[in-house]
Every structure is written in structure tokens, then in C-alpha cells.
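Protein chains in written order, with my numbering: chain A, 1 to 315; chain B, 1001 to 1315.
Have a look at this one:
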């Protein structure tokens, strides 16, 4: 029996864009959008909301900024039955750059922050809420947070007006027991709030950790088509949709986009399971060193990577 | 803290050989063998024990038969600190073709069978035990077994002399809750026996289901290098070794073989996550239809595959 509270959020464009600076064609973004509407997915995270003063518009595609004109080109005249989300990073957006909700096609702003930035995140998210948006806070990289800092952050979050808080396994370093532990901690510390899960696939655990989070009553689930995302990527939405039982979900339109776009795209901007990402996950490290390695001609020198990592750990 | 009872069984050659009829070079098999010894892996399953009368020796490489001469070429004069295993399929081996243990380099015979063949499997495995081997029975495809048939098979197994019984997710169709349920059922039905886990990766759950099985006190764990195996493949041993805490395990030699052989091999005989395999897992189907599709020029026609599967299910 399905749980109607469960919502799926596709972040193919937002997270996948980390691979190519959001240089996607409008056709691709439109195909993703229309497929998600047809598939019954609840939210599409279409990019970041960033200040034009903070990033170059030649280096970064439209989805680094999510301006209304760009959104309108995708959505067309009549918006489908899906909510659009944009992510805002602390310090990379001016509150004034966020239009009131009634002037925007966006429905939700998700604020991403580290544990020690929770106060700033709450301030920005409440600002967005006051402007009329659904809101959410993604607390990143909790696998490296000290328990006491996390407890304090959760205490702050419990008192804020933001209804949705995400458990984020930024480094793809968590096993099911850690997801279970943290999901229970979040549920206990944040009564009345919805908990979400955003998992990475370094150790081929993104889907299974998402299932563990579902079992632990997390009700917002992030995923991307064919798992596109930085490094090892994310929870593949096609597996998640095969698993979920809500009759409104329909896998077929998503397979169509994977067939039409993603298979070829993965050949051009490779993501997915590979040993340097796996090792970073297993060691609870940021994937940036692995990504640099995999993008270099040393890509397949796995033993050298292993040795450099062990050496690095000794410092 | 690690659990010393846990044993890792690498079946890179046996299961990987399903992809290329065991046409591996001696150099590759020797490199795998030596790496597993250096890595502290407990068992190497080097192939099948089959009767020469049952299979062609031109179509199948040496590891379909595991004759002593072939084993000696790999092991050299002095056998390393690892146990060698071969799998025997019911009906494809004459008991007389199995030499007494003191004339063989093999340490263990694993008998594979379906639920309705358990009596035959017990007979063959006890025959091998009487000849001096460690023994094991792998009950395949339990995801399609009726509960009553499985209970009867477990009852028979509980009374036999074979100490190791495997839970096998042949179709890669099980989620953690099913692994948990079946592992508990096996533990309860088979007091005093060691339970093993052999998982497939159709839904990217092979490693995570192996971890679930560990939590449920399964102590024999199958895995292969880079997950090589039929279709979506198996639990990748490199992730499993990163997870296990026993200080005797050493990942580095395994990475060396992956770097030297497996990366290139995967380009020639592709295995691993792909949507036709995922859909077969999600629908609890044998992967043979998916494999045929993926090997054809229709490989990337994902929507057609989905439609054909849905049509097939309607019959």
C-alpha cells in the first residue's frame, strides 16, 4: 500500500548541471519537464537561483540563474501539474533578487547550507516563505558534522517556520544504519516537519539509502534521470519510480527522455559509479579530488589513486 | 568491531565467465588468484565442475570444467592461503567425475539448485562431503518460490549434513525488507548452519542487500571484481572490502587487477546496471530477455523494451 505523503523531487537539471555548468539545450530541459509532468513527479528542481553578479553568464547556462524568461520558455503558456523548485546557496544570492511568488513560475525555494550556516539558511528561507514560496532547507555534508553541532542546528531548525528539512548525504558515505540513525534523529528533533532525503551513489547506495529513508518515514525523495549528477551521481529516478507504488506515477515518459537524451549525454559528460568516487565515499571525503583525478589522463590509475588517498589520510 | 565469522567468496571467474563462456587467459585467472590471496579473501570460486560429456570444450573455457591440470597451472607449486571452490549444477555433473578431496586442489564444492531440486542437491552435496570437501548448497531464484515449497525445502536442508546454505537473489529483484525477511527465515529454519548471500545488481542493490544480510547474521558473502557477472552483475568486491573491518582484508591488490584487466574487459563484454536489467529485477523476471535485448541492436530502445515487457505481463 502506498503512502500518499511521499513526494518525489527530480533534480536532473539542477544537480546534473553541476557536470556541465548547466549548458543544456532548451529542448532537453523542456523534454525533462514534460516527462516529469506526464510521469506524475511532484517537483522539478530546475536549477539554482543565483545573483547575476555572483556568476558569469557566459560560463554558466540559464539554470544557474532560473530567470522568469527562461522558465517561461520551458513551461509554455500553461504550466503543467508539477511544482518548480530552485536551489539557493547561502551567500550566492541577494534576497532582493528573489521576486515575490505571484511574479514567479517557481513554487519552492530550497536553501542549501552547511551545519554551521543554519542560522543564515533559516533567515533566507523565511524571507522566501514571507514572499509566498514553499520552502525547504537542505543541510549538507552531515557525515562530517560533529554530533553536538548537528544537535544545535536541529534545535534551531525545530523552532523555524520552514516545514521541510533534508537529510543530505553529500559525500555518498553513509550506510543504511547511518541513514536510519540520522532519519530517526531528525524525526525526533523536528516534530511536525517533513524530512527529505538526498543521497549520492559513490558506494551504489543512493537508491537503497532512499528506501531506508522511506522506511524511516522520510517523505520527500530526491532523484535524477539515470542518476545524473556530480561524480558518482544521485539516486536514479527510474529505479525509484519502479519501486514506489502510488498509481499516479508512470515510468514510461522518463524512460523516453533517458533513451532520447541521457544515454548519449553520459558518454559526453561521464558520471556514475567509479572507483575513485567509491573510495572518496568510503573515506567520507569530498569528491573533488576524485573528480579531478577522473577528469585527468590518470583516470584509470586506480592503485595510484588509492595510494595518494592513503598518503593524504596520514597527514 | 568486525565479526571474525564473516567469510568473503570471490566468484569473479565463475560468475564472470557466464559472460564469455569462461574464455579467460591464464594470466587473468592467475592475477585474480594472486590478488585474492594477497587481499585476504577467504574463498575463490574458480569455475564450474561439469562433466566433459555435458558441454563442449571448444565452446567453453577451462573454468567450465575445473580440471586439476588447469587448476595447477594457476596455483603453481605452492597453494596460497585461500580456499578454492567450484560450483556444480544439478544434472550437469556425474558424481564419479568428482575426485576425492586428497587428489584435488579444490577445497569446496557448491551445489546450485532450484527450490524443487533440493533433494537432489542434498544428495550430490553429501556425496562431495563424503569425498572430503567443504560443501555448500545455493538455492537459486527464491524470489519466485512459493512460500510452502520454500518452507519444505528449508525443512529438508535443516536435516542434511551440509553446513552452508545460500540465500540467492538470482533475479536481482529483492529489496532490503525481503532480504531481511528471508535471512531471518533461513536462520530460524536452519539452526547451526551458516547462511550465505549471493546478490545481483539489477536495481543497484547488490551491495546494500549484502550489508542487510550481514546485519541479519549471514556470514558467507559472494562478490566479484567490478561486479562482473551476467547482466547487471554482482556485488562489487571492492565496495564490500571497503566496508568490512577485518584487518586481514586488503583492498589494494584487488584494485590492481581491476586496473590491469577489468576496466578493459567491461568495454569488451559489457555488464553492469542498465535499464532492461533494472526492469527485469523490478518485475522479478529472469534476465534472459533483457540480456538478449541488450546484446541486440535494440539495446538503447528502452521504451520499446518497457512496452514489450508490459505486453508480456498481460498474458
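Here a beta-carbon is modelled for each residue, glycine too, at the ideal position from N, C-alpha and C.
Worksheet entry | Own chain, CB closer than 8 angstroms to residue 171 (chain A), minus 5 neighbours either side, in chain order | The answer, listed in chain order, is 141, 143, 144, 200, 202, 280, 281, 284, 285, 286 and 287.
Worksheet item: Mind pulling the chain B residues with CB within less than 7 angstroms of residue 256 (chain A)?
Response: In chain order: 1303.
Discussion item. Less than 7 angstroms between C-beta atoms, sequence neighbours within five positions excluded: which residues of the same chain meet that for residue 343 (chain A)?
Written reply: Nothing about residue 343 (chain A) can be reported from this structure: the residues present for chain A run from 1 to 315 only.
Worksheet item: Relative to chain B, which residues along the region 267–297 of chain A have a C-beta separation below 9 angstroms, given in chain order?
Response: Interface annotation for the region 267–297 of chain A against chain B: 272, 273, 275, 278, 279, 281, 282 and 283, criterion Cβ-Cβ distance under 9 angstroms.
Item to complete: Would you tell me roughly how many angstroms separate the C-alpha atoms of residue 259 (chain A) and residue 1087 (chain B), rounded to the nearest one?
Response: Their backbone Cα atoms lie some 38 angstroms apart in a straight line.
Discussion item. Quick check on the DSSP output: the alpha helix (DSSP H) that includes residue 1268 (chain B) runs from which residue to which?
Written reply: In the DSSP assignment, residue 1268 (chain B) falls within the alpha helix (DSSP H) that extends over 1263–1268.
Fill in: chain B residues whose Cβ lies nearer than 9 angstroms to that of residue 114 (chain A)
In chain B, no part has a C-beta under 9 angstroms from the C-beta of residue 114 (chain A); the shortest such distance is about 25 angstroms.
Discussion item. Considering only the alpha carbon of each residue, which of B:1181, B:1237, B:1296 and B:1064 lies closest to residue 204 (chain A)?
Written reply: For residue 204 (chain A), the closest alpha carbon among the candidates B:1181, B:1237, B:1296 and B:1064 is that of B:1237.
Practice prompt. Give the residues of chain B in contact with residue 175 (chain A), contact being defined as C-beta atoms less than 9 angstroms apart.
Written response: Identification of chain B residues near residue 175 (chain A) by a Cβ-Cβ cut-off of 9 angstroms yields 1208, 1211 and 1243, ordered along the chain.
Item to complete: Check whether the Cβ of residue 28 (chain A) lies closer than 8 angstroms to any Cβ atom in chain B.
Response: Taking Cβ atoms only, chain B never reaches closer than 8 angstroms to residue 28 (chain A), which makes this a no.
Worksheet item: Looking only at DSSP bridge pairs, what is residue 7 (chain A) linked to?
Response: Paired residues: A:220.
Item to complete: List the residues that DSSP assigns as beta-bridge partners of residue 165 (chain A).
Response: Its beta-bridge partners are A:137 and A:195.
Item to complete: Counting only the same chain and skipping the five closest in sequence on each side, list residues whose C-beta sits under 7 angstroms from that of residue 115 (chain A).
Response: Excluding sequence neighbours, residue 115 (chain A) sits near 139, 142, 145, 149, 150 and 153.
Item to complete: Would you mind telling me which residues of chain B sit closer than 9 angstroms to residue 265 (chain A), beta carbon to beta carbon, in chain order?
Response: For a Cβ distance threshold of 9 angstroms, nothing in chain B lies close to residue 265 (chain A): the least Cβ distance comes to about 12 angstroms.
Fill in: Under 9 angstroms from the C-beta of residue 134 (chain A): neighbouring residues of chain B
Chain-order list of chain B residues neighbouring residue 134 (chain A): empty, with the shortest C-beta distance near 30 angstroms, by a criterion of under 9 angstroms.
Worksheet item: Any idea what DSSP makes of residue 47 (chain A), helix, strand or coil?
Response: Residue state, collapsed to three classes: strand.
Worksheet item: Taking just the CA atoms, how far does residue 1063 (chain B) sit from residue 1011 (chain B)?
Response: Put simply, the backbone Cα of residue 1011 (chain B) is about 11 angstroms away from that of residue 1063 (chain B).
Discussion item. What would DSSP say about residue 1241 (chain B), mapped onto helix, strand or coil?
Written reply: Under the three-state reduction of DSSP output, residue 1241 (chain B) falls in the helix class.
Worksheet item: Are the CB atoms of residue 1032 (chain B) and residue 1303 (chain B) nearer to each other than 8 angstroms?
Response: No.
Worksheet item: Sorted by chain position, which residues of the same chain lie with C-beta nearer than 8 angstroms to residue 320 (chain A)'s C-beta, five sequence neighbours on each side aside?
Response: Residue 320 (chain A) lies beyond the residue range present for chain A, which begins at 1 and ends at 315; the question has no answer from this structure.
Item to complete: Please work out which residues of its chain come closer than 8 angstroms, Cβ to Cβ, to residue 1 (chain A), disregarding the five sequence neighbours upstream and downstream, and give them in chain order.
Response: Answer for residue 1 (chain A): 245, listed in chain order.
Worksheet item: On the three-pair Cβ rule with 8 angstroms, is the region 127–136 of chain A touching the region 161–168 of chain A?
Response: Cβ pair count under 8 angstroms is three or more, so yes.
Worksheet item: So, is the C-beta of residue 300 (chain A) closer than 8 angstroms to a C-beta in chain B?
Response: At least one CB of chain B lies nearer than 8 angstroms to the CB of residue 300 (chain A).
Fill in: Alpha carbon of residue 56 (chain A) to alpha carbon of residue 166 (chain A), nearest angstrom
Between the C-alpha atoms of residue 56 (chain A) and residue 166 (chain A) there is a straight-line separation of about 29 angstroms.
Worksheet item: How would you list, in chain order, the residues of chain A whose beta-carbon sits under 8 angstroms from the beta-carbon of residue 1306 (chain B)?
Response: Near residue 1306 (chain B) (Cβ distances below 8 angstroms), the residues of chain A are 251, 252 and 255.
Item to complete: Say whether chain A places a C-beta atom closer than 8 angstroms to the C-beta of residue 1068 (chain B).
Response: Chain A, which has no Cβ nearer than 8 angstroms to the Cβ of residue 1068 (chain B), makes this no.
Discussion item. Can you confirm whether residue 1178 (chain B), when its beta carbon is compared against all beta carbons of chain A, has any partner nearer than 8 angstroms?
Written reply: Under the Cβ criterion of 8 angstroms, residue 1178 (chain B) is not counted among the residues facing chain A.
Worksheet item: Run through DSSP, which three-state label would residue 1208 (chain B) get?
Response: Here residue 1208 (chain B) carries a helix assignment [DSSP, helix/strand/coil].
Item to complete: Please name the residue or residues paired with residue 1089 (chain B) in a DSSP beta bridge.
Response: Residue 1089 (chain B) pairs with B:1112.
Fill in: C-alpha distance - residue 18 (chain A) paired with residue 230 (chain A), whole-angstrom precision
Straight-line measurement puts the Cα of residue 230 (chain A) at about 6 angstroms from the Cα of residue 18 (chain A).
Worksheet entry | Whether residue 1082 (chain B) touches residue 1042 (chain B) by CB criterion (8 angstroms) | In this structure, residue 1042 (chain B) lies closer than 8 angstroms to residue 1082 (chain B) by Cβ.
Item to complete: Answer with yes or no whether the minimum CB distance from residue 1228 (chain B) to chain A is below 8 angstroms.
Response: For residue 1228 (chain B), the answer is no, since every Cβ of chain A falls outside 8 angstroms of its Cβ.
Discussion item. For residue 1310 (chain B) and residue 270 (chain A), I'd like the C-alpha separation in whole angstroms.
Written reply: Straight-line Cα distance between these residues: approximately 31 angstroms.
Worksheet item: How long is the line joining the alpha carbons of residue 1255 (chain B) and residue 117 (chain A), rounded to whole angstroms?
Response: Cα to Cα, the separation comes out at about 38 angstroms.
Discussion item. By alpha-carbon positions, which one of B:1120, B:1119, B:1124 and B:1103 ends up nearest to residue 1109 (chain B)?
Written reply: Residue B:1124 holds the alpha-carbon nearest to the alpha-carbon of residue 1109 (chain B) among B:1120, B:1119, B:1124 and B:1103.
Discussion item. Starting from residue 295 (chain A), trace the alpha helix (DSSP H) in both directions and tell me its first and last residue.
Written reply: 288–295 is the extent of the alpha helix (DSSP H) around residue 295 (chain A).
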